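Asker: Following this note's numbering, the numbering of the sequence shown begins with 3 at its first residue and continues without gaps.
Virtual Cβ for every residue (Gly too), placed ideally from N, Cα, C.
Since we're looking at a predicted model, the values are computed, not measured.
Pasting a structure below so you can have a look.
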Amino acid sequence: MTPEQSYRQDEMLQSSTVGKTGAWVIIAVVVVVVVVVVVVVVVVVVVVVVVIVVVVVVVVVVVVVVVVVEVVVLVVVVIVVVVVVAVVIVEVVVVVVVVVVVVVVVVVATAAVL
C-alpha cells in the first residue's frame with residue numbers, strides 16, 4: 003500500500019469513527035433529554051396528585067367539622083326545647099293546683115257562710 007493510500011484509508015477510518023462517535027453523542031443526548039422529560043412529567047404528576055389529595059382531605063375534614071358542629075347545635079336546641087316544655091308543664095300544673103285550691107277555698111268559705 004502506498005503512503006497516499008494509507009493516508010486515505012486512515013482519513014476514511016477517522017471520518018467513519020467520528021461519524022459513529024457523533025451518532026452515539028446524539029443518541030446519548032436524546033436519551034438524557036427523554037429521561038429528564040419523563041422525570042419532570044412524573045414529578046409534576048406526583049405533585050398534582052398530592053395537592054389533589056391534600057385538598058380532598060381538607061375538604062372532608064371541614065365537612066366533618068361542620069357536621070359535628072351542626073349535630074352539637076341540634077342537641078343543644080333539643081335540650082332547650084325539652085327544658086322549655088318541662089317548665090311550661092310545671093307552670094300549667096301550678097296554675098291547676100292554684101285554681102283547685104281557690105275553688106276549694108271558695109266552696110269551703112261559701113259553705114261556712116251558709
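1) Indicate the three-state DSSP secondary structure (helix, strand or coil) for L116 in the structure shown.
2) CA-CA distance, W26 and V37?
3) What's the C-alpha gap between A113 and V105?
4) Suppose you measure from the CA of V95 to the CA of I81; what does that come to, to the nearest Å?
Answerer: Based on what the coordinates show:
1) If you number the sequence shown from 1, residue 116 lands on position 114. Here L116 sits in coil by DSSP.
2) Taking the sequence shown and counting its residues from 1, the one referred to as residue 26 is at position 24. Taking the sequence shown and counting its residues from 1, the one referred to as residue 37 is at position 35. W26 and V37: Cα-Cα distance of roughly 16 Å.
3) Position 111 of the sequence shown, counting from 1, holds the residue named residue 113. Position 103 of the sequence shown, counting from 1, holds the residue named residue 105. One C-alpha to the other measures close to 12 Å.
4) The residue labelled residue 95 in the question sits at position 93 within the sequence shown. The residue labelled residue 81 in the question sits at position 79 within the sequence shown. Each residue's Cα considered, the two are about 21 Å apart.
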